[in-house]
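Just so you know, we're using our numbering here: the sequence shown kicks off at 29 and counts up by one.
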Amino acid sequence: MDKNTITNDEIKEELEIKYKSIYALENIIGTLNLRNRHVRIDLQDEKEYNKILRSGKLTIFGQLIECDEYLPAPKILICSKCNSPEHTKQRCLNSKIELCRRCGQDRNDNNDHKSCEIKCHHCGGAHTSTDYFCPVIQKFRYELINELKTRPDLLPTATQIFIPTDCREHGSKIKVLENKLTQNQISNKNQHQLIVHHSNFADQSQWPSLPSASLYSSTTSLNDNLIETTKSLSNELKIIKENYAAEQKRLEERYNNHLNLMNQSWLIMQQQMQTQTEMLNTMDGIINSILFTSCANVMEVLTQTVLKLLNENNHTELNPILALLQQQTLYMNDKKSIYTSHQIKLNMLIEKQREALKSSLNTIIKQPNVQ
Numbered sequence: 029m030d031k032n033t034i035t036n037d038e039i040k041e042e043l044e045i046k047y048k049s050i051y052a053l054e055n056i057i058g059t060l061n062l063r064n065r066h067v068r069i070d071l072q073d074e075k076e077y078n079k080i081l082r083s084g085k086l087t088i089f090g091q092l093i094e095c096d097e098y099l100p101a102p103k104i105l106i107c108s109k110c111n112s113p114e115h116t117k118q119r120c121l122n123s124k125i126e127l128c129r130r131c132g133q134d135r136n137d138n139n140d141h142k143s144c145e146i147k148c149h150h151c152g153g154a155h156t157s158t159d160y161f162c163p164v165i166q167k168f169r170y171e172l173i174n175e176l177k178t179r180p181d182l183l184p185t186a187t188q189i190f191i192p193t194d195c196r197e198h199g200s201k202i203k204v205l206e207n208k209l210t211q212n213q214i215s216n217k218n219q220h221q222l223i224v225h226h227s228n229f230a231d232q233s234q235w236p237s238l239p240s241a242s243l244y245s246s247t248t249s250l251n252d253n254l255i256e257t258t259k260s261l262s263n264e265l266k267i268i269k270e271n272y273a274a275e276q277k278r279l280e281e282r283y284n285n286h287l288n289l290m291n292q293s294w295l296i297m298q299q300q301m302q303t304q305t306e307m308l309n310t311m312d313g314i315i316n317s318i319l320f321t322s323c324a325n326v327m328e329v330l331t332q333t334v335l336k337l338l339n340e341n342n343h344t345e346l347n348p349i350l351a352l353l354q355q356q357t358l359y360m361n362d363k364k365s366i367y368t369s370h371q372i373k374l375n376m377l378i379e380k381q382r383e384a385l386k387s388s389l390n391t392i393i394k395q396p397n398v399q
């Protein structure tokens, strides 16, 4: 079976028979070709992880596969303002504007910089200015790794950095940068602690010494200190409880004052709504009693006058006027009927709104007081 034809799910099922802590498995982008394939495996159990690293081999479907610790290549700090390495946006002195990493123009010029021309403003190549294909980025990366090679003491403790292939010396098999000096110091310290531990263990074979009087005095002093500490902690707890109770009381007083203000505001709103309702009722009465009634009376007088003239003199030219007056009278009556019905519906709606608002505010004001 060709190892490149095996799916990730098949690899995971095969390995989970022996290694139960595997929780992720994926191909490393850009590593799949006709001869090679690199797969990253993440494990939860440190013992299984170290066991695989010590063996350096994995068996998958009868094939012996080499394995090594996965260390990602070091990432470079790149300024998001000028897209140059070695500094951040806050300390950028190279540009006064934010440059687009695709075209190198002002990123805030209201143009669409998601589809602009890709042209590196460092070297003019057909790539973004932050791409690792850029010679400027490659040069800085190479210089940084060389500096860390000469000064590994700058690396933090227990830190390993993978050296990219293009940054290794010809023929060198060293793939990882690490602070060996710090690791040696830690190893020597652990070894010294181990020697001291063995020495103390050897001393246990001797006869134990009798406790001295100073031991009893130190025990008594320790007991006294424990008693004082207990009293101090008890007093501190008491003070915390008192402060909490006082704070709760102040909070309750502020809350009650807030409820009183809300109640007063609600009373003012009720008075205002009553005043507005009275104003509307007054205006409605005026419109009904004066406007519609007066207009109806005027129309009735005009109609009777035209009828009288028409009967006495038989003026046929008054017939259109009479018809118009009768039509306007009917129109006026219809308008009055519609207006009256509309006002009744509005008054009913206002009453419902008033009741709903009253119920809501009463619930808000009274509900917190219910324990």
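All residues carry an ideal CB built from backbone N, CA and C; glycine is no exception.
- Within the segment 114 to 176, no run of beta strand (DSSP E) at least 3 residues long lies entirely inside it.
- Per the DSSP secondary-structure output, A52 pairs in a beta bridge with D70.
- Going by beta carbons, L358 and L346 fall outside the 7 Å limit.
- Per DSSP, the unbroken alpha helix (DSSP H) holding K336 starts and ends at 321 to 341.
- K109 sits close to E126, with the two beta carbons spaced by under 7 Å.
- For L60, same chain residues with a beta-carbon under 6 Å away, outside a window of 5 residues either side, do not exist.
- Contact between the segment 128 to 144 and the segment 161 to 174 is absent: fewer than three C-beta pairs spanning the two stretches fall below 8 Å.
- Selection I314, S317, T344, A351 evaluated against T331 yields A351 as nearest (Cα-Cα).
- The residue among L389, F320, Q302 with its C-alpha nearest the C-alpha of M360 is F320.
- Rounded to the nearest whole angstrom, the CA to CA distance from D362 to Q356 is 10 Å.
- Under the DSSP definition of a beta bridge, K85 partners with E94.
- Straight-line spacing of the CA atoms in K75 and D96 works out to 15 Å.
- H66 is not a Cβ neighbour of I80, given a cutoff of 7 Å.
- Contact between N207 and P180 holds: CB atoms are separated by about 5 Å, below the 8 Å threshold.
- I189: member of the beta strand (DSSP E) spanning 188 to 190, first to last residue.
- Counted as a single uninterrupted DSSP element, the alpha helix (DSSP H) harbouring L43 occupies residues 36 to 43.
- Here L62 carries a coil assignment [DSSP, helix/strand/coil].
- In the DSSP annotation of this structure, L99 is not part of any beta strand (DSSP E), being labelled neither H nor E.
- If you draw a straight line from the Cα of T116 to the Cα of D140, it comes to about 25 Å.
- Using a Cβ distance threshold of 7 Å, H149 and G132 count as a contacting pair.
- Taken atom to atom, the span from the alpha-carbon of E264 to that of E270 is near 10 Å.
- By the criterion of a C-beta distance shorter than 7 Å, C107 is surrounded in its chain by H115, T116, K117, C120, once the five residues flanking it on both sides are discounted.
- E42 and I268 have their C-alpha atoms roughly 59 Å apart.
- For E206, the beta-bridge partners assigned by DSSP are Q188.
- Around the beta-carbon of N32, fewer than 16 other beta-carbon atoms lie within 10 Å, marking it exposed.
- Here P100 is actually not in contact with F168; their C-beta atoms are around 18 Å apart, not less than 8 Å.
- Under the DSSP definition of a beta bridge, I296 lacks any partner.
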